[in-house]
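Residue numbering for the sequence shown follows UniProt numbering, beginning at 1 and increasing consecutively. Backbone N, C-alpha and C define an ideal beta-carbon position, used for all residues, glycine too. Since the structure is predicted, the reported quantities are computational estimates derived from the model, not experimental observations. What follows is a short report on a single structure.
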Amino acid sequence: MTQFRPCIDLHQGKVKQIVGGSLNDKGATENFISEYNAEHYAAMYREHGLIGGHVIALGKGNQEEAISALRAYPDGLQFGGGVKHNNAASYLNAGASHVIVTSYLFENGEFSWDRLDKIKRETGTDRLVLDLSCRRTDNGWYIATDRWQTITSTQVNQENLIELANHCDEFLIHAADVEGLQAGIDEELVHLLGQGCPVAVTYAGGARSLSDLKRVHELSNGKVDLTIGSALDIFGGRGVTLDECILWNQSQK
1 MTQFRPCIDL HQGKVKQIVG GSLNDKGATE NFISEYNAEH YAAMYREHGL IGGHVIALGK
61 GNQEEAISAL RAYPDGLQFG GGVKHNNAAS YLNAGASHVI VTSYLFENGE FSWDRLDKIK
121 RETGTDRLVL DLSCRRTDNG WYIATDRWQT ITSTQVNQEN LIELANHCDE FLIHAADVEG
181 LQAGIDEELV HLLGQGCPVA VTYAGGARSL SDLKRVHELS NGKVDLTIGS ALDIFGGRGV
241 TLDECILWNQ SQK
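Written as structure tokens, this is what we have:
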């Protein structure tokens, strides 16, 4: 059954909501900057029993905030952002339930099975989430790395989803083209994920109301979970409240 999954997005040491496709070395288009720190949000999610959420560090300057969130909700949050084979264990030791990895797995735009094996030796498959965040092209969706600015040669399709599922516990997939725009989810991508994912998958991008949880449930036959960011009231949004999302999760159980 489709569940709401919470998030904490960190940029320049602050909890923010940004337009995903705008992120680059100079900054990003910001929808929201919180007056609260990451620990505040982690404690909130722990208090309400929300599981499977993620902390994402977008660029440098987020380490302290990320660690404080993980320590505030041990084994309750996944962590992604600059994760490599030589630092993955440190985030797990700090309290992350899983680590999320993307850019490290690619060399010159090509997927590296050797790097995947290296990080699996540190995490095991059961504590590894593969971030297959992607951008749409004329030929479908392709994984995008380096803060979603570099489109790789690896397509998000049923064949690759099935193959990669053998090496991880979950997938996290941001639709970078609609991330932060509150203009609606990428329905075709959600449908594809529901058809082709043999492991748990969380989709993020474009959600704007409680009805998007229902729509993701319908499109994926309940196999895809949804993260809502900019539209959520705790991030300054007016589309849906955290309380509504909590009630949705309870109703699905």
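Range of the contiguous beta strand (DSSP E) that encloses residue i
i      : result
Cys134 : 134-137
Asp225 : 224-227
Ile246 : It is not in any beta strand (DSSP E) - Ile246 instead sits in the alpha helix (DSSP H) that spans 242-252.
Leu58  : 53-58
Local conformation of residue i per DSSP, three classes
i      : result
Asp5   : The sequence as given places Arg at residue 5; Asp does not occur at that position. Arg5 falls in the strand class under three-state DSSP.
Tyr142 : strand
Gln17  : strand
Gln12  : coil
Gln78  : strand
Gln149 : coil
Ile185 : coil
Val178 : coil
His191 : helix
Glu64  : helix
His85  : coil
Cβ-based burial, residue i [other Cβ within 10 Å; buried from 16]
i      : result
Trp113 : exposed
Tyr142 : buried
Ile173 : buried
Arg127 : buried
Thr102 : buried
Tyr203 : buried
Gln3   : buried
Ser211 : exposed
Thr154 : buried
Lys223 : buried
For residue j and residue i, the rounded distance between their alpha carbons
i      : j      : result
Ala94  : Gln158 : 34 Å
Arg135 : Gly81  : 18 Å
Ser209 : Ala175 : 17 Å
Ser220 : Arg115 : 31 Å
Thr151 : Gly109 : The residue you asked about is not Thr; residue 151 is Ile in the sequence shown. Each residue's alpha carbon lies about 7 Å from the other.
Ile8   : Arg71  : 14 Å
Asn62  : Lys16  : 11 Å
Leu92  : Glu218 : 34 Å
Leu192 : Ser133 : 14 Å
Integer-rounded CB distance, given that residue j should sit under 8 Å from residue i
i      : j      : result
Thr227 : Arg5   : 5 Å
Asp79  : Ile51  : One detail in the question is off: residue 79 reads as Phe in this sequence, not Asp. About 14 Å; that fails the 8 Å criterion.
Ile119 : Ala96  : Not confirmed; about 14 Å, so no contact.
Ala38  : Ala66  : 7 Å
His167 : Glu122 : About 13 Å separates the two Cβ atoms, so there is no contact after all.
Beta carbon proximity, residue i to chain B, threshold 8 Å
i      : result
Gln155 : Given the protein chain composition of this structure (a single chain), no chain B is represented.
Endpoints, the alpha helix (DSSP H) within which residue i is located
i      : result
Tyr45  : 38-47
Thr125 : First-last for Thr125: undefined, no H or E at that position.
Glu159 : 158-164
Tyr203 : Element bounds for Tyr203: not the alpha helix (DSSP H) but the beta strand (DSSP E), 200-204.
Ile234 : First-last for Ile234: undefined, no H or E at that position.
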